[in-house]
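Enquirer: The structure's right below; bear with me while I get my questions together.
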Amino acid sequence: MAVEFRVLGGVEARVDGHRIDLGPARQQRVLAVLLLEVGQVVTADELVDRVWGECPPQRALPTLYSYLSRLRNALRTAGQDAPVARRSGGYVLTVAATDADLHRFRALSARARTTAHAGDEPAAARLFEEALANWQGELCPGMDTPWFNSRREAARVERLAAVLDWSELQLRRGIHTELVTVLAPLAEDNPLDERLAGQLMLALYRGGRPADALNHYQELRRRLVEELGIDPAPPLRSLHQQILISDPRLAPPARDTAPALTARTTTTPPSTAHATTTHPRQLPARPPLLAGRDSELVGLDKLLAPQGEPHGGTVLIAVICGTGGVGKTSLALRWAHGWQERFPDGQLFADLQGFTPSGEPADPYAVMRGFLEALGADPGSLPVTPQAQAALYRSLTADRRLLIVLDNARGTDQVVPLLPGSPSCTVLITSRHRLPGLAASHGAAQLTLETLDPAEARDLLVRRLGSDRIAAEPGAATELLRHCAGLPIAISVLAARLTTDPMLTLSALAAELREAATPLDALETGEPNGDMRIVFASSYLALDADSARVFRQFAQAPGADIGLPAAASLTGLPLPRLRTRLHRLQAHHLVQERVPGRFTCHDLLRAYALEMTEAVAPAGEAEAALTRVLDHYAHTAYEADRLLLPHRDPLASATPADGTRLEEFADADRAMAWFAGEHTVLTAAVNHAVRTGHDAQAWRMAWAITTFLARRAWWVDVTAVHGTALAAAGRLGDPSAQAESRRALAWACTETGRFAEAHQELAHALALAERHGDLLSAAHTHLALGWQYEREGDNAAALRHDQSAVEYFTSAGNLPGRARALNAVAWDHTQLGDHEASVRRCQEALVIQRELGDERGRAGTWDTLGYAYHRLGEHAKAIDCYQHSLDLNRSLGHRYNEAETLVHLSQAHCATEAVEPARAALHEALAIYLDIQALSPEVNEVRALLRELGGPPEPGWPTA
75 MAVEFRVLGG
85 VEARVDGHRI
95 DLGPARQQRV
105 LAVLLLEVGQ
115 VVTADELVDR
125 VWGECPPQRA
135 LPTLYSYLSR
145 LRNALRTAGQ
155 DAPVARRSGG
165 YVLTVAATDA
175 DLHRFRALSA
185 RARTTAHAGD
195 EPAAARLFEE
205 ALANWQGELC
215 PGMDTPWFNS
225 RREAARVERL
235 AAVLDWSELQ
245 LRRGIHTELV
255 TVLAPLAEDN
265 PLDERLAGQL
275 MLALYRGGRP
285 ADALNHYQEL
295 RRRLVEELGI
305 DPAPPLRSLH
315 QQILISDPRL
325 APPARDTAPA
335 LTARTTTTPP
345 STAHATTTHP
355 RQLPARPPLL
365 AGRDSELVGL
375 DKLLAPQGEP
385 HGGTVLIAVI
395 CGTGGVGKTS
405 LALRWAHGWQ
415 ERFPDGQLFA
425 DLQGFTPSGE
435 PADPYAVMRG
445 FLEALGADPG
455 SLPVTPQAQA
465 ALYRSLTADR
475 RLLIVLDNAR
485 GTDQVVPLLP
495 GSPSCTVLIT
505 SRHRLPGLAA
515 SHGAAQLTLE
525 TLDPAEARDL
535 LVRRLGSDRI
545 AAEPGAATEL
555 LRHCAGLPIA
565 ISVLAARLTT
575 DPMLTLSALA
585 AELREAATPL
595 DALETGEPNG
605 DMRIVFASSY
615 LALDADSARV
625 FRQFAQAPGA
635 DIGLPAAASL
645 TGLPLPRLRT
655 RLHRLQAHHL
665 VQERVPGRFT
675 CHDLLRAYAL
685 EMTEAVAPAG
695 EAEAALTRVL
705 DHYAHTAYEA
715 DRLLLPHRDP
725 LASATPADGT
735 RLEEFADADR
745 AMAWFAGEHT
755 VLTAAVNHAV
765 RTGHDAQAWR
775 MAWAITTFLA
785 RRAWWVDVTA
795 VHGTALAAAG
805 RLGDPSAQAE
815 SRRALAWACT
825 ETGRFAEAHQ
835 ELAHALALAE
845 RHGDLLSAAH
855 THLALGWQYE
865 REGDNAAALR
875 HDQSAVEYFT
885 SAGNLPGRAR
895 ALNAVAWDHT
905 QLGDHEASVR
915 RCQEALVIQR
925 ELGDERGRAG
935 TWDTLGYAYH
945 RLGEHAKAID
955 CYQHSLDLNR
965 SLGHRYNEAE
975 TLVHLSQAHC
985 ATEAVEPARA
995 ALHEALAIYL
1005 DIQALSPEVN
1015 EVRALLRELG
1025 GPPEPGWPTA
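Offset between the sequence shown (1-based) and the numbering used here: plus 74.
As structure tokens, then:
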């Protein structure tokens, strides 16, 4: 007999299509609970709570047992072997999960996502449609208890996610007409959902209704501003701009391109073509002591145990939640180290800084970029947009047995971008919050970590101090533990005090804490109580004056951690003395060295250090430390940037504060390595400097990190730091700095296809330069405008701006800028057909660049000269020029310019009928463009040239 259960649109059981009488409403609720928890044991108390909510009857249990008996009889009569079974601890419904519509929907949705990930989008769309066909109404309608209401909302979120995943597939396949009728009512019910809004806008635009698409955006923006006080996110703003200018990239692809996608799956995906398979091992050291957590470790084993191959089609996710200092990170790391063999492809770890007192939570996309590099992606070839980076992340984690530990998460929104898509991965998260949204949207399991009970706390103290010492003073040990409130971090700090001072007895320390017990406010985090602070005070007051000062100064560090050279500037100490103080702080468990040479301290200790700074530090101590460390980052970054781009216009000299110790680099490679290790701290330092009133250092750091971020194509970060820097420059009243930041913002806009925004930024920059008579700023802005117009195909406008740039650079006496502008003018001449003039301008530029040793400038000029010779029919000279440009671009790591020159080289080879070298150059250019997520026109041009040569559009594709 075919048996089917329903919870969507009503609770039903049918046998061969015939409905079974399930009895009164509350009896149906009992079955509904068991159906939603199919295969899981539900206790009688849980059934009572879920069925009756907050108002159970006096005889709830006897009534429940009666309902269970009747359900067994009804289902047995229907030909079943009493699927409502009694188990140790409760009751379970022993039927296949796919016999129930909700679980069938989930299984089919998971299969659809896996199929889409494999590249078969038509099949994935059919699976989503089959999954959504199960949805005949809301979950368990009319069952109004808190438990049912929460499950109903979670199911609604699941359905919406499935609809949007299906809709995204349809849009990618060129199918949009029928989407409007599906998405419009959903948008009315979910008016603030930006993903849904973006899909509806795109469907309306492709359906010939751009005005409706723009109206929908304006309505969404109005509601976001009025209800949440925020603007739409960058992706939706970018889509709005594209619709305004009728961007051709929004045109639908040919309907259902499944054959091309199938062919592509036989080759290396373009976004991972230059990724090297690595096995990252990022876990910090295994915690040496972990008392009283055996049951929690067993609980994690159960929560994260593999459920078949793969894990039931979904990523296993567990969240360890609990108060600050309760040992969440230690538990996560102990479990992770104990199960490393389950994850042979590697372990990723990130501190998300969700509750750092003096900073902001980590940007998940900045963390993602670090993960991408750890997984083997080429840093210079990472995609531009966060969405593309997330897609690459899912690709690199697909089918790999990875453990991803996300420590100290602030909320669900911070975590979701970092979740892999493959069920072969496991994710372990720690947070002070419960993250209910993650449980609803991704099925994350939760483990709440409580404080240690008295026996467990004593066991930890015994392990730290030894049983003899505790046995000698049992009363004092009990009093000390009372002050620690069951928090492992407090016990560790207190034990460190006792182990570093063998003459200190437990009784003496207990008396000291007793005398120190004064009314104190809670820490700013709101987590620890007064006793906790007294414990910290016992260790802090035992420090010598220099070590106490270093501890206070550590609270001024702008990032989550700090390296030794920056710490030397922070503290004003020479490295030998600093190391001594840090070793002393480590011995007291007040700071940690998680990786060699980089130090951090727990959020609660940092909050305490900030309080001590306000309470006892000499006037000016904190400000001086902060100024020194910001100067360290600003001036060191400036010197590193000079190695990366030596002919960039220098900034006005500035003197770092006394005691600041700068880092030095032997060459550009070491400067790039420093930026790679410090860029997260630098971007945090820009924000921290602004918050603390150090606008000059904030702007200088943003300026200095721009070259590095641009070479990595991290345009989101460029936009973020220069948005902050622009505001700082405005407060400083520095028009030149404002114009520089606007040019950087325009650069990022252009590279991500937001041309209208780029023009706005450059118009502001030019107005600032002209208003204040700044020749150099005007020159740079005209040059940027020339490049902007050239990218848009308006070569006459580009020539006008580039000629203006030559004049301004000449008037300002700036030779590197003059040479760059001459090259830009030469390129404009070639586009307008005046190739002899182009050769003259290139030769003039090369003379200047040879004298200056400007290799970056020479690379561009050699390419332009080759292009001019090619147009003049002097193909041998053209090929020689292109080869000069290629060699320079490759040595500099400028991949976009390398690809552009390869395209030009292929055309010169074609002119000499050397088809194979031409085809090879185009294939190499296409691979680079795809790796760096170049805009569609460049990619399409190369594919068209390949088709003209009679070869496949990409290496490895069939020729058809």
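Yeah, the Cβ is synthetic: ideal placement off N, Cα and C, and Gly gets one too.
#1: With DSSP run on the structure shown, which of helix, strand or coil describes arginine 161?
#2: Please report the residue range of the beta strand (DSSP E) in which isoleucine 478 lies.
#3: In chain order, what residues of the same chain have a beta carbon less than 6 Å from the beta carbon of leucine 364, not counting five sequence neighbours either side?
#4: Taking all protein chains shown into account, do 16 or more other C-beta atoms lie within 10 angstroms of the C-beta of glycine 495, making it buried, or fewer, making it exposed?
#5: For leucine 679, which of Val77, Gln660 and Gly907 has the nearest alpha-carbon?
#6: Restricting to Cα atoms, I'd like to know which of Asn888, Trp901 and Ser851 is closest to methionine 863.
#7: Where do the ends of the alpha helix (DSSP H) carrying phenylalanine 423 lie?
#8: Tell me, to the nearest whole angstrom, how far the beta carbon of glutamine 812 is from that of alanine 803; I am working on the premise that it is less than 8 Å.
#9: Quick one: what's got a C-beta closer than 7 Å to valine 158's C-beta in the same chain, skipping five residues either side?
#10: DSSP on serine 404, reduced to helix/strand/coil?
#11: Is DSSP giving leucine 889 helix, strand or coil here?
#12: Taking a contact to mean a Cβ-Cβ separation below 7 Å, would you say phenylalanine 1038 touches alanine 683 in this structure?
#13: Who are the Cβ neighbours of proline 326 in its own chain at under 7 Å, not counting the five residues just before and after it?
#14: Candidates Asp452, Val400 and Pro576: which alpha carbon is nearest serine 566's?
#15: Would leucine 979 and alanine 933 be called neighbours here (beta carbons separated by less than 7 Å)?
#16: Suppose you measure from the CA of arginine 43 to the CA of histidine 557; what does that come to, to the nearest Å?
#17: Give the list of continuous alpha helix (DSSP H) stretches no shorter than 4 residues that lie fully inside the region 731-755.
#18: If you follow the beta strand (DSSP E) that alanine 778 is in, where does it begin and where does it stop?
#19: Have a look at the DSSP bridge pairing and note the partners of valine 58.
#20: Helix or strand or just coil, what does DSSP make of glutamate 78?
#21: Once you ignore the five residues that flank arginine 538 on each side, which residues in its own chain have a CB closer than 6 Å to its CB?
#22: Give the secondary structure of proline 343 by DSSP, where H, G and I count as helix, E and B as strand, and everything else as coil.
#23: When the distance is taken between beta carbons, is leucine 976 closer than 7 Å to arginine 930?
#24: By alpha-carbon positions, which one of Arg225, Thr388, Ala871 and Pro890 ends up nearest to leucine 82?
#25: Per the contact definition of three or more C-beta pairs closer than 8 Å, is the region 195-209 in contact with the region 473-484?
#26: Which ranges does the alpha helix (DSSP H) cover as unbroken runs of at least 4 residues, wholly within the region 885-951, from first to last along the chain?
#27: Arginine 993 to leucine 1023, Cα distance in whole Å?
#28: Please report the distance separating the alpha-carbon of leucine 873 from that of valine 899.
#29: Is it true that the CB of serine 643 sits closer than 7 Å to the CB of threonine 701?
#30: When the Cα of valine 116 is compared with those of Glu987, Glu972, Arg160 and Ala839, which residue comes out closest?
#31: So the alpha helix (DSSP H) phenylalanine 628 belongs to, where does it begin and stop?
#32: Where do the N-terminal and C-terminal ends of the alpha helix (DSSP H) with cysteine 558 fall, by residue?
#33: If you scan the region 676-703 from start to end, which runs of the alpha helix (DSSP H) of 4 or more residues do you find wholly inside it?
#34: Does DSSP put arginine 668 in a helix, in a strand, or in coil?
#35: Please confirm whether leucine 840 and threonine 855 have their CB atoms less than 7 Å apart.
#36: Do leucine 736 and threonine 710 have their CB atoms nearer than 7 Å?
Expert: Here's the rundown:
#1: strand
#2: 477-483
#3: Ser404 and Arg408
#4: buried
#5: Gln660
#6: The question names methionine, but residue 863 in the sequence shown is tyrosine. When only C-alpha atoms are compared, the closest one is Trp901.
#7: It is not in any alpha helix (DSSP H) - phenylalanine 423 instead sits in the beta strand (DSSP E) that spans 421-425.
#8: 4 Å
#9: Leu108, Leu142, Leu145, Arg146, Leu149, Tyr165 and Leu167
#10: helix
#11: helix
#12: It is not possible to answer for residue 1038, since the shown part of the chain is limited to 75 through 1034.
#13: Gly248, His250 and Arg280
#14: Val400
#15: no
#16: Since the first and last residues shown for the chain are 75 and 1034, residue 43 lies out of range.
#17: none
#18: Run containing alanine 778: none in the beta strand (DSSP E); it sits in the alpha helix (DSSP H), 769-785.
#19: Since the displayed the chain opens at 75 and closes at 1034, residue 58 lies outside it and no answer follows.
#20: strand
#21: Ala569
#22: Low local confidence applies: a pLDDT of 30 at proline 343 is under 50, so the model's placement there is unreliable, with the coordinate-based value given in what follows. Looking at proline 343 - three-state DSSP - the assignment turns out to be coil, as it is neither helix nor strand.
#23: no
#24: Arg225
#25: no
#26: 889-905, 909-926 and 929-945
#27: 7 Å
#28: 6 Å
#29: no
#30: Arg160
#31: 619-628
#32: 548-558
#33: 677-690
#34: strand
#35: yes
#36: yes
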